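Colleague: The listed protein sequences derive, respectively, from chains B and P. For the first sequence, this note's numbering gives the first residue as 1, with consecutive numbering after it. For the second sequence, this note's numbering gives the first residue as 1001, with consecutive numbering after it. This structure is in structure tokens; I'll ask about it shortly.
2 protein chains.
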Amino acid sequence: MGDNSTTPLTELGEFGLIDHLMKDVEIKDKSTIFGSGDDAAVINNGIYQTLISTDMLVEGVHFDITYSPLKHLGYKAVVVNLSDIAAMNGMPKQVTISLAISSRYTVEALDELYKGIKLACETYGVDLVGGDTTTSRYGLVISVAVIGQVMADNIVYRSGAKENDLICVSGTLGAAYAGLMVLEREKKAFKASKGVQPDLQGYEYILERQLKPEPRLDVIKALQQLNVKPTAMIDISDGLASEILHICENSDTGADIIEEKLPIDHQTGKIAEEMKLDPTTIAMNGGEDYELLFTISQSDYDKIKDNPAFAVVGYIKERNAGVNLIARDQSVNPIKAQGWDALLNKRL
Amino acid sequence: MGDNSTTPLTELGEFGLIDHLMKDVEIKDKSTIFGSGDDAAVINNGIYQTLISTDMLVEGVHFDITYSPLKHLGYKAVVVNLSDIAAMNGMPKQVTISLAISSRYTVEALDELYKGIKLACETYGVDLVGGDTTTSRYGLVISVAVIGQVMADNIVYRSGAKENDLICVSGTLGAAYAGLMVLEREKKAFKASKGVQPDLQGYEYILERQLKPEPRLDVIKALQQLNVKPTAMIDISDGLASEILHICENSDTGADIIEEKLPIDHQTGKIAEEMKLDPTTIAMNGGEDYELLFTISQSDYDKIKDNPAFAVVGYIKERNAGVNLIARDQSVNPIKAQGWDALLNKRL
Chain B
1 MGDNSTTPLT
11 ELGEFGLIDH
21 LMKDVEIKDK
31 STIFGSGDDA
41 AVINNGIYQT
51 LISTDMLVEG
61 VHFDITYSPL
71 KHLGYKAVVV
81 NLSDIAAMNG
91 MPKQVTISLA
101 ISSRYTVEAL
111 DELYKGIKLA
121 CETYGVDLVG
131 GDTTTSRYGL
141 VISVAVIGQV
151 MADNIVYRSG
161 AKENDLICVS
171 GTLGAAYAGL
181 MVLEREKKAF
191 KASKGVQPDL
201 QGYEYILERQ
211 LKPEPRLDVI
221 KALQQLNVKP
231 TAMIDISDGL
241 ASEILHICEN
251 SDTGADIIEE
261 KLPIDHQTGK
271 IAEEMKLDPT
281 TIAMNGGEDY
291 ELLFTISQSD
301 YDKIKDNPAF
311 AVVGYIKERN
321 AGVNLIARDQ
331 SVNPIKAQGW
341 DALLNKRL
Chain P
1001 MGDNSTTPLT
1011 ELGEFGLIDH
1021 LMKDVEIKDK
1031 STIFGSGDDA
1041 AVINNGIYQT
1051 LISTDMLVEG
1061 VHFDITYSPL
1071 KHLGYKAVVV
1081 NLSDIAAMNG
1091 MPKQVTISLA
1101 ISSRYTVEAL
1111 DELYKGIKLA
1121 CETYGVDLVG
1131 GDTTTSRYGL
1141 VISVAVIGQV
1151 MADNIVYRSG
1161 AKENDLICVS
1171 GTLGAAYAGL
1181 MVLEREKKAF
1191 KASKGVQPDL
1201 QGYEYILERQ
1211 LKPEPRLDVI
1221 KALQQLNVKP
1231 TAMIDISDGL
1241 ASEILHICEN
1251 SDTGADIIEE
1261 KLPIDHQTGK
1271 IAEEMKLDPT
1281 TIAMNGGEDY
1291 ELLFTISQSD
1301 YDKIKDNPAF
1311 AVVGYIKERN
1321 AGVNLIARDQ
1331 SVNPIKAQGW
1341 DALLNKRL
């Protein structure tokens, strides 16, 4: 494939490939309000609008069943999709599950997977309404589609951020990636020692963040109770760096992210120190936190400032200012997307 | 996996597995009208209801890119989903595409795939509203979700067939499988001869039925114009035998299918003769025709009897009569599902 008419996929990356494939797609049906390019598509149904989002998880790419229990995997597969609906300021209502399964899996293994799927559905009040199962030649592929609902006036896109808006995140950043580092370290140790039980004590929070993330539907409800409608929102699946770039690109703005404001929990800090990594890098690029990144008007600051669930981490600036991380030493560092890119299959 | 706590997937088969995994799933959200178990889930949106269906196509299981051009594959991946919406008497409006792609594929290959996806969307007035791309470790996996719309009063489920209803099919049966047999024969000949061009003349219709099936949205429109609302409907993806069993099981009825009434085109008959196969077996079990199988009240017979697009192939009977094929010699042969079962990965 070395001749000049072929282009390897890695040359474009995941987002580049989607942009390339979707570039000449036009929206024609009058029921389609918004197509590709946000966390979910938006379909008109009158007062309420329908949101739809899909995600695919591939064995050996997104998960490793040597340390991902199948029940957790099923739970996570649903959660990452619910998170996309939250990112539009909507509530998820239904999911469908499609599986491609290699013959290595047993009925009992799939029962475990479905226990997690059903638990996530029950926990978040979502109905499992169908899907498809088929054979695969290699491993397990899970494709989830989620249908959500939002009142037309409440939809929040990635594109609404305005200069001087405050940039907020829910929860903590980097913990899911920190949890993955623990799991990978213990997997190596387990293999080297041929069977010594892994030592996971003291890392419970970050392991749970990796293995059992939760969609921040509580944040959507809290913002509604506080009467705050974000100007832009996205969920943090690929890392804060990647997501703030999406918001700025879609909103045609720049941004400053203030390093000392990043919410990093102590277990993430601890594993970063042990692995000799910079906690800020993990917080910015780790990905899979499934927290919400959103922007609000400064006039809404008083409504959220006392809420421990939110951290203000920066400001939206005009486009020419660029998208920068303001370090503790006040140096200005352009932010680049270095998060998870599923197509390149590498991290950090 | 030989101990008594593990069950191989093949023991249940595709439908058995879905039934097993979904058996304790309850519908709770008031917007969910119908969940798993028909061609699509049904979601309440007032006068219009939303239909959702998903399908997954796996390389080496559902398609072989040595004889399936990527453009045709993209087209077919969309079409099989549109067909599920037609089977609910609805019209498709939006699709999402999720791809898992091995590094063997180039950007140009995906462009070809997307040409077919976009052509199907344009042809049937459906908007491509998003999706997901990721890496796979083996081949290509395509997962499509389709959103459709139907007026609440017009939905047709699998479960509405009544004793004495007429059983109808659109188009012809078995042609897609006949086309596959030609392709497989020529692939073998090509390999044996190390490069002689395959001889596909005289098989154009059945090859097109295999490579470029069409969803019968025209049938849905025609039935509406004829003022016929079927009592039950399903699309023929797994073969007439499998589909009539679904209708009878869901409607709690039996059925007689009359062999001599089966609509089989002459190319299908010709390849059956060449391959020494029974054309009736191909028509009953071939699958992938994506025609519609539906039942109508006898009082609607006059409305459809002169329409060449439809064939009446049998009658709904009471449950105890069973589901039978009445052969040309008047013998009664119980119908068993022998169609494509994607989980067993074999045909006929």
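Where a beta carbon is used, it is the ideal one built from N, C-alpha and C, also for glycine. Only a predicted model underlies this, so the values are computations on that prediction, with no experimental measurement involved.
Applying the criterion that 16 or more other CB atoms from any shown protein chain within 10 Å of the CB defines a buried residue, is residue 1268 of chain P buried or exposed?
Modeller: Flag for residue 1268 of chain P reads buried.
Colleague: I need the straight-line Cα distance from residue 1038 of chain P to residue 1158 of chain P, nearest angstrom please.
Modeller: Rounded to whole angstroms, residue 1038 of chain P to residue 1158 of chain P spans 6 Å at the Cα level.
Colleague: Within the chosen definition, does the stretch 1314–1328 of chain P reach the stretch 1238–1257 of chain P through at least 3 CB pairs nearer than 8 Å?
Modeller: Contact between the stretch 1314–1328 of chain P and the stretch 1238–1257 of chain P is present, because at least three Cβ pairs lie under 8 Å.
Colleague: DSSP on residue 1308 of chain P, reduced to helix/strand/coil?
Modeller: Of the three classes helix, strand and coil, the one that applies to residue 1308 of chain P here is coil, per DSSP.
Colleague: If you check the beta carbons only, do residue 1149 of chain P and residue 1071 of chain P fall under 7 Å apart?
Modeller: Going by C-beta atoms, residue 1149 of chain P is not nearer than 7 Å to residue 1071 of chain P.
Colleague: Less than 8 Å between C-beta atoms, sequence neighbours within five positions excluded: which residues of the same chain meet that for residue 331 of chain B?
Modeller: If we look at residue 331 of chain B and ignore the five residues flanking it on each side, it has no Cβ neighbours.
Colleague: Establish whether the CB of residue 307 of chain B and some CB of chain P are separated by less than 7 Å.
Modeller: It does not; no Cβ of chain P falls within 7 Å.
Colleague: How do the stretch 122–130 of chain B and the stretch 170–180 of chain B stand: do at least 3 beta-carbon pairs fall below 8 Å, yes or no?
Modeller: Touching, no.
Colleague: Can residue 349 of chain B and residue 75 of chain B be called in contact, C-beta distance under 7 Å?
Modeller: Within the shown structure, residues of chain B are numbered from 1 to 348, placing residue 349 of chain B beyond reach of any answer.
Colleague: Could you please tell me which residues of the stretch 1075–1102 of chain P, in chain order, have their CB closer than 8 Å to any CB of chain B?
Modeller: Under the 8 Å Cβ criterion, the stretch 1075–1102 of chain P contributes 1093, 1094, 1096, 1098, 1099, 1100 and 1101.
Colleague: Is residue 1056 of chain P close to chain B? Criterion is C-beta to C-beta, closer than 7 Å.
Modeller: Cβ-Cβ to chain B under 7 Å: yes for residue 1056 of chain P.
Colleague: DSSP on residue 1206 of chain P, reduced to helix/strand/coil?
Modeller: If DSSP states are grouped into helix, strand and coil, residue 1206 of chain P belongs with the helices.
Colleague: Closer than 7 Å, Cβ to Cβ, to anything on chain B: give me those residues from the stretch 1224–1255 of chain P, in chain order.
Modeller: For the stretch 1224–1255 of chain P, which is checked against every Cβ of chain B, not one residue is closer than 7 Å.
Colleague: Within the 7 Å Cβ cut-off, does residue 137 of chain B reach chain P?
Modeller: Chain P contact via Cβ: present.
Colleague: Could you tell me whether the Cβ of residue 1112 of chain P comes closer than 7 Å to any Cβ of chain B?
Modeller: Not an interface residue.
Colleague: How many whole angstroms separate the CB atoms of residue 156 of chain B and residue 232 of chain B, which I take to be in contact at a CB cut-off of 8 Å?
Modeller: Correct: roughly 7 Å between the Cβ atoms.
Colleague: Just how far apart, CA to CA, sit residue 1309 of chain P and residue 1222 of chain P?
Modeller: Straight-line Cα distance between these residues: approximately 9 Å.
Colleague: At the level of alpha carbons, what is the spacing between residue 64 of chain B and residue 277 of chain B?
Modeller: Each residue's Cα considered, the two are about 23 Å apart.
Colleague: For the beta strand (DSSP E) containing residue 1350 of chain P, name the first residue and the last one.
Modeller: Any question about residue 1350 of chain P goes unanswered here, given that chain P covers just 1001 to 1348.
Colleague: DSSP three-state call for residue 7 of chain B: helix, strand or coil?
Modeller: If DSSP states are grouped into helix, strand and coil, residue 7 of chain B belongs with coil.
Colleague: Go through the stretch 28–100 of chain B residue by residue and report every complete run of the beta strand (DSSP E) that reaches 3 residues or more, in order.
Modeller: Fully enclosed beta strand (DSSP E) runs of 3 or longer: 32–34, 41–45 and 48–58.
Colleague: State buried or exposed for residue 1003 of chain P, treating a residue as buried only when at least 16 other CB atoms are found within 10 Å of its CB.
Modeller: Confidence is the limiting factor: at residue 1003 of chain P the pLDDT is only 47, short of 50, which leaves the residue's position unreliable and the question unanswerable from this model.
Colleague: Using the beta-carbon count (16 or more within 10 Å), is residue 1213 of chain P buried or exposed?
Modeller: Under this definition residue 1213 of chain P is a buried residue.
Colleague: Go through the stretch 1246–1334 of chain P residue by residue and report every complete run of the beta strand (DSSP E) that reaches 3 residues or more, in order.
Modeller: As far as the stretch 1246–1334 of chain P is concerned, its whole beta strand (DSSP E) runs of at least 3 residues are 1254–1258, 1292–1296, 1310–1317, 1323–1326 and 1332–1334.
Colleague: How far does the beta strand (DSSP E) with residue 236 of chain B in it reach, from first residue to last?
Modeller: That residue, residue 236 of chain B, is in no beta strand (DSSP E); it is neither H nor E in DSSP.
Colleague: On the criterion of 16 or more Cβ atoms from any shown chain inside 10 Å, does residue 1151 of chain P qualify as buried, or is it exposed?
Modeller: When all chains shown are included, residue 1151 of chain P counts as exposed.
Colleague: Can you confirm whether residue 1145 of chain P, when its beta carbon is compared against all beta carbons of chain B, has any partner nearer than 7 Å?
Modeller: Yes, residue 1145 of chain P lies at the interface with chain B (some Cβ there is under 7 Å from its Cβ).
Colleague: Express the C-alpha separation of residue 1055 of chain P and residue 97 of chain B in angstroms, rounding to a whole number.
Modeller: So the two alpha carbons sit approximately 10 Å from each other.
Colleague: What is the rounded straight-line gap between the Cα of residue 1061 of chain P and the Cα of residue 1017 of chain P?
Modeller: Whole-angstrom Cα-Cα distance: 17 Å.
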